[in-house]
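Chains as they are written, first to last, in our numbering: chain F, 1 to 153; chain L, 154 to 306. Even for Gly, the Cβ is constructed at its ideal location relative to N, Cα and C. Below you'll find the structure, written out as structure tokens, and then a few comments.
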DNA sequence: TATTGTTATACTCTATAACTATA
DNA sequence: TATAGTTATAGAGTATAACAATA
């Protein structure tokens, strides 16, 4: 790994001032996860958010968009785009909601279910790649800490 | 915390299908961190990335933009905008680089140094808020796991 | 009046391609 | 020929404001 003397050498740049800052560490780790996940889902026509939306619809048939927005922690306005894409792909339908005619009951199609199952397996493999080298206790510690930071539990 | 029966109730939405997926947990926790950090830095005219850039310039006087890009894990093109903003605020200067006239030697100004010190204290307080309730060993476990995911260590 | 889904819009983050001036 | 900084641009994520239909 020789490098020409005139080329940018980043090895002597100190980021110690940022390493004691959890947001910086999380952002950098998440960038790696995001890049691998994007590559994992792209061949199936999904992204992290459309995959997450599809998963929630599959697991919660009849889910309404506003519930989906809450579950994804995003605004209702943004969910419209995700559902549009899933609907255009033929994986999700906007069914009528008899109890509230303002709302829609989101359902996945047979094809949508199949795409989800395939994507889920790929995401599981991605997850194992990301956590490779970490012991079960360490993974549990991370999940606990993330839950605490998120304000759950 | 009473809620009208007709209002969106998200408590019965299951996201178990996503909770065993580290990217989802990281994203949600990072959203919380990001929101708090944005509110923390906004009064000082900084954002996460401009703060990070300022920190690296303060701690590495004479840093060149391409080194800054590597340290921040972003493309050179994006660094231009961050440095523009820090320069317009009067916190950073693009000094000449005698060894390589294509490059700039980034330096912080006296005011920039003062803004950084103030922001650093605010970020430390933010960090304590985020990690509140976690023991030192747990924080160490998170940082170790994040380093592993990021591919460092 | 308040809520649901929607549209329009804007800002941030990130990447790629192409340009210029240097090396 | 390759690199440093820059410009232009595009896509993704996120948020707010305002609207029509419905509660």
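On the CB-based measure, 16 or more other CB atoms within 10 Å of its CB, does residue i come out buried or exposed?
{"i": "residue 176/L", "result": "buried"}
{"i": "residue 196/L", "result": "exposed"}
{"i": "residue 55/F", "result": "buried"}
{"i": "residue 160/L", "result": "For residue 160/L, the predicted model reports a pLDDT of 45, less than 50, meaning its position is unreliable and no value from the coordinates is stated."}
{"i": "residue 127/F", "result": "buried"}
{"i": "residue 99/F", "result": "exposed"}
{"i": "residue 14/F", "result": "exposed"}
{"i": "residue 236/L", "result": "buried"}
{"i": "residue 245/L", "result": "buried"}
{"i": "residue 77/F", "result": "exposed"}
{"i": "residue 16/F", "result": "exposed"}
{"i": "residue 58/F", "result": "buried"}
{"i": "residue 234/L", "result": "exposed"}
{"i": "residue 278/L", "result": "exposed"}
{"i": "residue 115/F", "result": "buried"}
{"i": "residue 111/F", "result": "exposed"}
{"i": "residue 165/L", "result": "exposed"}
Round the Cβ separation of residue i and residue j to the nearest angstrom and send it over; I've been treating them as touching at under 8 Å.
{"i": "residue 86/F", "j": "residue 50/F", "result": "6 Å"}
{"i": "residue 275/L", "j": "residue 193/L", "result": "5 Å"}
{"i": "residue 65/F", "j": "residue 107/F", "result": "Not really, about 12 Å apart at Cβ, beyond 8 Å."}
{"i": "residue 291/L", "j": "residue 28/F", "result": "About 20 Å separates the two Cβ atoms, so there is no contact after all."}
{"i": "residue 67/F", "j": "residue 48/F", "result": "Not confirmed; about 19 Å, so no contact."}
{"i": "residue 242/L", "j": "residue 198/L", "result": "6 Å"}
{"i": "residue 141/F", "j": "residue 295/L", "result": "7 Å"}
{"i": "residue 26/F", "j": "residue 183/L", "result": "5 Å"}
{"i": "residue 216/L", "j": "residue 52/F", "result": "Their Cβ separation, rounded to whole angstroms, is 38 Å, which puts residue 216/L and residue 52/F out of contact at 8 Å."}
{"i": "residue 300/L", "j": "residue 306/L", "result": "5 Å"}
Need the endpoints of the alpha helix (DSSP H) that residue i sits in, please.
{"i": "residue 287/L", "result": "Unbroken run through residue 287/L: none, as it is neither H nor E."}
{"i": "residue 23/F", "result": "22-41"}
{"i": "residue 172/L", "result": "169-172"}
DSSP puts residue i in a beta bridge; with which residues?
{"i": "residue 63/F", "result": "106/F"}
Ranges of the alpha helix (DSSP H) found wholly within the region 236-275 of chain L, counting only runs of at least 4: none
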